[in-house]
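Residue numbers are given in this note's numbering: position 38 of the sequence shown equals residue 39, and the series is strictly consecutive.
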Amino acid sequence: MTKKYNDVVALDNVNIQVEDKEYLCIIGPSGCGKTTLIKCIAGIVEPDEGEIYIGDKRVNNLPIEDRNVGYVFQEIALFPHMNVYNNICYGPFVKGYRISSIETLIKEILN
Numbered sequence: 002m003t004k005k006y007n008d009v010v011a012l013d014n015v016n017i018q019v020e021d022k023e024y025l026c027i028i029g030p031s032g033c034g035k036t037t038l039i040k041c042i043a044g045i046v047e048p049d050e051g052e053i054y055i056g057d058k059r060v061n062n063l064p065i066e067d068r069n070v071g072y073v074f075q076e077i078a079l080f081p082h083m084n085v086y087n088n089i090c091y092g093p094f095v096k097g098y099r100i101s102s103i104e105t106l107i108k109e110i111l112n
């Protein structure tokens, strides 16, 4: 996978494979491409070249919410394509909570 920001190459032909049930830690100095790599895998940033597979499924065009990838933002931020209410609802919804239960929970949280 390759990702460039204008003339800056953030990812240069990166190729990784993580086995099922395996944890991956990405470490390195500031500016080496760690966050860009994670954002590409999660679906927040689109790579310029290459394909991303999760299992046997190509996910390049799959939206972030359909990738089943955990991602915690470095900064205090939310999913940028959702409003605050939907960001708060997202976790319980993905876990299978009933909509009525989610609405009650969110009202309590926001009050």
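Idealized CB from N, CA, C, for every residue including glycine.
Note that the coordinates shown come from a computational prediction; the quantities given were computed from them, not determined experimentally.
Handout entry: residue 55, DSSP secondary structure in three states
Key = Taking the first residue of the sequence shown as position 1, residue 55 is located at position 54. Three-state result, residue 55: strand.
Exercise for the section: Give the secondary structure of residue 95 by DSSP, where H, G and I count as helix, E and B as strand, and everything else as coil. Expected result: Taking the first residue of the sequence shown as 1, we reach residue 95 at position 94. Judged by DSSP in its simplified three-state form, residue 95 adopts helix.
Exercise for the section: Throw me the rounded Cβ distance for the residue 12 and residue 4 pair, which I believe falls under 8 Å. Expected result: Here residue 12 refers to the residue found at position 11 of the sequence shown. Here residue 4 refers to the residue found at position 3 of the sequence shown. Contact between residue 12 and residue 4 holds, since their C-beta atoms are separated by about 4 Å, short of 8 Å.
Practice task
Note down the Cα distance separating residue 2 from residue 108, rounded to an integer number of angstroms.
Solution key: Here the question's residue 2 lines up with position 1 in the sequence shown. Here the question's residue 108 lines up with position 107 in the sequence shown. Their Cα atoms are separated by approximately 42 Å.
Handout entry: Inter-residue spacing [alpha-carbon to alpha-carbon] between residue 98 and residue 9
Key = To locate residue 98, count along the sequence shown from 1; it is residue 97. To locate residue 9, count along the sequence shown from 1; it is residue 8. Taken atom to atom, the span from the alpha-carbon of residue 98 to that of residue 9 is near 43 Å.
Exercise for the section: Have a look at residue 63 and residue 46 and give me their C-alpha separation to the nearest angstrom. Expected result: Counted from its first residue, the sequence shown places residue 63 at position 62. Counted from its first residue, the sequence shown places residue 46 at position 45. Roughly 12 Å between the two C-alpha positions.
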